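One structure is given below, encoded as structure tokens.
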Amino acid sequence: MRLQLSTWPDVEAYLKRSTAIVIPVGSTEQHGPNGFIGTDALCPEILAKGLSEKTGALIAPTMSVGMAQHHLGFPGSVTLRPSTMIAAVLDWLNSLARHGFDRFYFLNGHGGNIATLTAAFSELYAQSSLGTAATNRAGLRCKLRNWWDAPGIRGLSSELFGADEGSHATCSEVSLTWYAYPDEARRDVRFDGRAPEGPIYEADDFRRRFPDGRMGSNPERASIEAGKRIYETALAGLVDDYRSFSDSKD
Ligand code: NI
């Protein structure tokens, strides 16, 4: 069930059976020469659709632009500043809380969002603690679930790709998007082995360290077949994780 394809009476009825909502959150940033710029937004969106089919969860619009300042050295990347993203997350959550939602399950596709999302959650709780929330909203709960931390995924990635998985433009995330969008898959791109690993600072430094955008990965090994296994494994783990959160009372 997608919020974007629901009517307000649909949402009103949904709130009578659940006050939880899934918010896919990602990024619009380069993913090397064979990964889609939307990879980090597409991965949680793809999995959220499956999660909804299995649990009936309501899926919010994807927050498809995240904190990606270090990728701005590559054409097509778009970022929110951390402070902008915190403000946006708070506006989304305060809007949804007004209607009665109190369990916010962020299905995340971008490591660069983690610190900012965690700070946004703290801001939300502070609004309640400091009495600045518009209404009494004790009991709001946020959960951040990185899709690659779903049970079974790290083991599967290691089995499929070993050290070639890397940490950005990974074989797993490229495979998952190719599984969902096979007609767009860039299967003819070849690489000269793994990319370097290293620290992340600002955009110009990032491009100097990682000239084609990858970090540690060799996504030449990405495949639609691997993407199917990753999808099925991630989804199996996410169903229980979502249910235990959406049903939680404390
Ligand atoms: Ni990514």
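If you read the sequence shown in numbering that gives the first Met the number 0, its first letter stands for residue 0, the second for the next number, and so on. For every residue, glycine included, the Cβ atom is placed at its ideal position computed from N, Cα and C. These figures come from a predicted structure and were not determined experimentally.
Contact set for residue i: own chain, Cβ-Cβ below 8 Å, skip 5 residues either direction
| i | result |
| --- | --- |
| Val10 | Leu2, Leu57, His98 |
| Gly72 | Ala202, Asp203, Phe205, Arg206 |
| Leu106 | Val21, Ile22, Pro23, Val24, Pro43, Leu46, Ala47, Leu50, Arg144, Trp146, Leu237 |
| Ser156 | Trp147, Glu164, Thr169, Cys170, Ser171, Ile229 |
| Phe103 | Ala19, Ile20, Ile22, Leu92, Leu95, Leu139, Arg140, Cys141, Lys142 |
| Pro74 | Gln29 |
CB contact flag (residue i, residue j, <8 Å)
| i | j | result |
| --- | --- | --- |
| Ser222 | Gly111 | no |
| Leu139 | Ala86 | no |
| Leu92 | Leu123 | yes |
| Phe244 | Ala12 | no |
| Thr61 | Gly151 | no |
| Arg162 | Arg193 | In the sequence as displayed, the identity of residue 162 is Ala instead of Arg. Yes, Cβ-Cβ distance for Ala162 and Arg193 is below 8 Å. |
| Leu4 | Ala179 | no |
| Pro195 | Asn33 | no |
7 Å Cβ shell around residue i - same chain, five flanking residues per side excluded
| i | result |
| --- | --- |
| Glu28 | Ile36, Asp39, Ala67, His70, Ser76 |
| Gly55 | Met0 |
| Thr115 | Met66, Pro81, Met84, Ile85 |
| Asp182 | none |
Residue range of the unbroken alpha helix (DSSP H) whose run includes residue i
| i | result |
| --- | --- |
| Ile223 | 223–245 |
| Lys48 | 38–54 |
| Ser157 | 152–160 |
Limits of the beta strand (DSSP E) - the one that residue i falls within
| i | result |
| --- | --- |
| Pro23 | 19–24 |
| Phe103 | 102–107 |
| Arg193 | Counting along the chain, Arg193 falls outside any beta strand (DSSP E), and DSSP gives it neither H nor E. |
| Leu143 | 140–145 |
Neighbourhood of residue i by C-beta, 6 Å cutoff - its chain only, sequence neighbours within 5 removed
| i | result |
| --- | --- |
| Leu14 | Gly99 |
| Val88 | Ala119 |
### Query
Contact between the segment 209–228 and the segment 159–171: three or more CB pairs below 8 Å?
yes
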